[in-house]
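*Asks:*
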Ligand SMILES: [Zn+2]
Ligand SMILES: [Zn+2]
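Residue numbers (the working numbering): 78 to 303.
1) Just list the beta strand (DSSP E) runs in the segment 92-143, keeping only unbroken ones of 3 residues or longer that don't cross its boundaries, in chain order.
2) Using only CA atoms, which one of 251, 280 and 294 lies nearest to residue 320?
3) In terms of alpha-carbon separation, which member of 235, 276 and 78 lies closest to residue 94?
4) When the Cα atoms are used, what is the spatial distance from residue 100 to residue 251?
5) Between the C-alpha atoms of residue 298 and residue 188, what's the straight-line distance to the nearest angstrom?
6) If we call anything under 9 Å between Cβ atoms a contact, is residue 270 one with residue 135?
7) Please list, following the chain, all residues that have a C-beta closer than 5 Å to any non-hydrogen atom of ligand 2.
8) Helix or strand or just coil, what does DSSP make of residue 228?
9) In this structure, what does DSSP give as the bridge partners for residue 156?
10) Distance check for residue 114 and residue 84, CA to CA, integer angstroms please.
11) Put residue 259 into one of helix, strand or coil per three-state DSSP.
12) Return yes when at least one heavy atom of ligand 1 lies under 8 Å from the C-beta of residue 235, else no.
13) Report all residues for which the CB-ligand distance to some heavy atom of ligand 1 is below 5 Å; order them along the chain.
14) Can you tell which of 293, 103, 153 and 139 has the C-alpha that lies nearest to the C-alpha of residue 234?
15) Any chance you could list the beta strand (DSSP E) runs of at least 3 consecutive residues sitting entirely within the segment 182-218, in chain order?
16) Name the one or two DSSP bridge partners that residue 252 has.
17) When you compare the segment 252-270 with the segment 136-147, are there three or more beta-carbon pairs, one atom per stretch, that lie closer than 8 Å?
18) Can you give me the Cβ contacts of residue 204 inside the same chain, cut-off strictly under 8 Å, excluding the 5 residues immediately before and after it?
19) Within 10 Å of its beta-carbon, does residue 97 have 16 or more other beta-carbons around it, so buried, or fewer, so exposed?
20) Please name the residue, chosen from 260, 257 and 248, that lies closest to residue 300 on a Cα-to-Cα basis.
21) So, at 6 Å on beta carbons, what are the nonlocal neighbours of residue 288 in its own chain, with the 5 sequence-adjacent residues on each side left out?
22) What is the rounded straight-line gap between the Cα of residue 200 and the Cα of residue 116?
Encoded structure:
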């Protein structure tokens, strides 16, 4: 059994606090007693390598992730079996980015960091802007890099049920994320992660996955028949 939080934003997400650094996130996950975490920045895998190195130091399993904002403004998480694959997918997403300039005073700063929490650079385009990829194209794209697509916070904000009213039946989605007391629809594996933008919001060890302590087992668990 693994206690998890698979939806955490680093300081590369405009809405993520500046102290959501690779080291701080992993240290907090360790303090809280989580077994596995994922960092899922908006439309980018840019800080995953630095987080992954810190996760190793703290003996926390790291699942490489991303949170896409699709053309329909639906939030879709993607989980990958390696940082390489997540970065490959992130690069693929670059082709579908709108070049809208970030306004740091309004949206917040977007920092690329190394594993020592040094700022490498600041992203100038607004990462949270919708990609020119439909939900179905985004699902296909994630799968083509060996990833697992998981619609985020489905009943809230930019969640798919809130935005479109349903989960496209042909999309092959097997796992969804729900929040708080939202009652999940039947027939899906369910994740309940924090969507933390601050260190304090990272989950306590409450929600767990019934799988082995490795990435392949977790991905298989998300994709198994519910
Ligand atoms: Zn979201
Ligand atoms: Zn999020």
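We put the CB at the ideal spot given by N, CA and C, even for glycine.
Note that the coordinates shown come from a computational prediction; the quantities given were computed from them, not determined experimentally.
*Replies:* Based on what the coordinates show:
1) 113-116
2) Only positions 78 to 303 of the chain appear in the structure, and residue 320 is not among them; the question remains open.
3) 276
4) 32 Å
5) 32 Å
6) no
7) 144 and 272
8) strand
9) 142 and 225
10) 8 Å
11) coil
12) yes
13) 152 and 229
14) 153
15) 188-190 and 196-199
16) 266
17) no
18) 89, 90, 91, 118, 119, 120, 121, 179 and 187
19) buried
20) 248
21) 294, 295 and 298
22) 17 Å
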